[in-house]
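As structure tokens, the structure follows; a few thoughts come after it.
2 protein chains.
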Amino acid sequence: MSDDEAILAANAAYYRAFSAGDFAAMSRIWAEDGVSCVHPGWTPLVGRAEVIESYRSILTSPNRVRIVHRDDTAIVTGDDARVVCIEVVEGSALLAATNVFRRVGGAWRMVHHQASPIAMPIEDNEPTPPRGQRLN
Amino acid sequence: MSDDEAILAANAAYYRAFSAGDFAAMSRIWAEDGVSCVHPGWTPLVGRAEVIESYRSILTSPNRVRIVHRDDTAIVTGDDARVVCIEVVEGSALLAATNVFRRVGGAWRMVHHQASPIAMPIEDNEPTPPRGQRLN
Numbered sequence: 001m002s003d004d005e006a007i008l009a010a011n012a013a014y015y016r017a018f019s020a021g022d023f024a025a026m027s028r029i030w031a032e033d034g035v036s037c038v039h040p041g042w043t044p045l046v047g048r049a050e051v052i053e054s055y056r057s058i059l060t061s062p063n064r065v066r067i068v069h070r071d072d073t074a075i076v077t078g079d080d081a082r083v084v085c086i087e088v089v090e091g092s093a094l095l096a097a098t099n100v101f102r103r104v105g106g107a108w109r110m111v112h113h114q115a116s117p118i119a120m121p122i123e124d125n126e127p128t129p130p131r132g133q134r135l136n
Numbered sequence: 137m138s139d140d141e142a143i144l145a146a147n148a149a150y151y152r153a154f155s156a157g158d159f160a161a162m163s164r165i166w167a168e169d170g171v172s173c174v175h176p177g178w179t180p181l182v183g184r185a186e187v188i189e190s191y192r193s194i195l196t197s198p199n200r201v202r203i204v205h206r207d208d209t210a211i212v213t214g215d216d217a218r219v220v221c222i223e224v225v226e227g228s229a230l231l232a233a234t235n236v237f238r239r240v241g242g243a244w245r246m247v248h249h250q251a252s253p254i255a256m257p258i259e260d261n262e263p264t265p266p267r268g269q270r271l272n
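Quick note, the sequences are listed as chains A and B, same order.
The first sequence: position 132 = 132 (the numbering used here), numbered continuously.
The second sequence: position 9 = 145 (the numbering used here), numbered continuously.
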């Protein structure tokens, strides 16, 4: 498996854990050190304890939303990698997401996540807009 | 200068270039390879050409906003580093920002930026809320 494939697989595993509400898997996905996270609308979280606790809260919430990811693009530099992608929340709202990974002991672990709303919702069955196009 | 100090200085230089509308400085701040950017409300931009062009457009716009950064926290791992911080836009609106840097030839160059709105504006003269606290 190439680094790109491994990173895209790690990115997919994050969304699988999120969709399944699988906190144990989510906890394994995140690295032990150097982690941070910006959930939509939140101020930054820094450190594993804060980040993991936020996921415990989100994944066990009765209001947990369904998220599908698409348009994943991997950027790999040595032992560090990023995926930028689009999150489709509950089939309509769109977020732009960045997931940062670091290779630790041969495995890609997540060290940062940020998702932010895209200004204008687009229909899920419309063609994907050009990457980076401003939608409003 | 420690790595943390160097990273925080690089982060400050980014906002200085932004505030001054200094496109040449902004262009030098960004790395040559492996860059991506998510401006507020935008879909992800990938690659130096797209990212730099977006800054040319933003920095030369008559509607360019004033941004002050605060609560900078540096996370350094080898040749890769992140700063999470708060952006105060035009003295009121708050964004949560992540700036990712990579050490290239001894200098820290920016490889990723993302800023996303914080749900509830807070008064600039109020105490900073605990990092990571959900504001709504």
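All C-beta atoms in this analysis are idealised placements derived from N, C-alpha and C, irrespective of residue type, glycine included.
Using a CB distance below 8 Å, the part of the region 176 to 194 of chain B facing chain A consists of Pro176, Gly177, Trp178, Thr179, Pro180, Leu181, Val182, Glu186 and Ser190, ordered along the chain. Within chain A, the residues placing a beta-carbon under 7 Å from that of Ala232/B are Val38, Trp42, Thr43 and Pro44, ordered along the chain.
Residue-level contact by beta carbon fails for Gly105/A and chain B, as no gap is shorter than 9 Å. In terms of Cβ geometry, Asp33/A and Arg56/A do not form a close pair [threshold 9 Å].
Here DSSP, grouped into helix, strand and coil, assigns Val38/A to strand. Think of a sphere of 7 Å around the beta carbon of Gly34/A: the chain B residues whose beta carbon falls inside it are Ile211 and Thr213, in chain order. Following the DSSP letters along the chain, one finds Asn99/A inside the beta strand (DSSP E) bounded by residues Ala93 to Val104.
The C-alpha of Val204/B lies about 34 Å from the C-alpha of Ser27/A.
In terms of Cα proximity to Ala149/B, the closest of Ile211/B, Val219/B and Ala251/B is Val219/B. DSSP, reduced to helix, strand and coil, places Met162/B within a helical segment of the structure shown. Each residue's CA atom was taken as its position, placing Glu87/A and Glu53/A some 22 Å apart. Apart from the 5 residues on each side of it in sequence, Leu144/B sits with its Cβ closer than 8 Å to the Cβ of Asp208, Ala210 and Val219 in its chain, given in chain order. Secondary structure of Val187/B (DSSP, three-state): helix. Setting aside the 5 residues that flank it on each side, Ala96/A is surrounded in the same chain by Ser116 and Ile118, each with a C-beta closer than 6 Å to its C-beta; the list follows chain order. For Arg64/A, the three-state secondary structure derived from DSSP is coil. Residue pairing of Arg218/B in beta bridges, as defined by DSSP: Ile211/B and Val236/B.
Of Pro180/B, Asn147/B and Pro176/B, the smallest CA-CA separation from Trp166/B is found for Asn147/B.
The beta carbon of Val236/B falls within 9 Å of a beta carbon belonging to chain A, placing the residue at that interface. Bounds of the alpha helix (DSSP H) holding Ala13/A are Asp3 to Ala20. The same chain holds no residue with a CB closer than 7 Å to that of Ala107/A once the five nearest residues on each side in sequence are set aside. When DSSP reads this structure, Arg70/A sits in a beta bridge with Ile86/A. For Ala107/A, the enclosing beta strand (DSSP E) has its first and last residue at Ala107 to Pro117. Interface annotation, Ala142/B: not in contact with chain A, CB-CB separation never under 9 Å. Taking 9 Å as the threshold, the shortest C-beta distance from Ser252/B to chain A falls below it.
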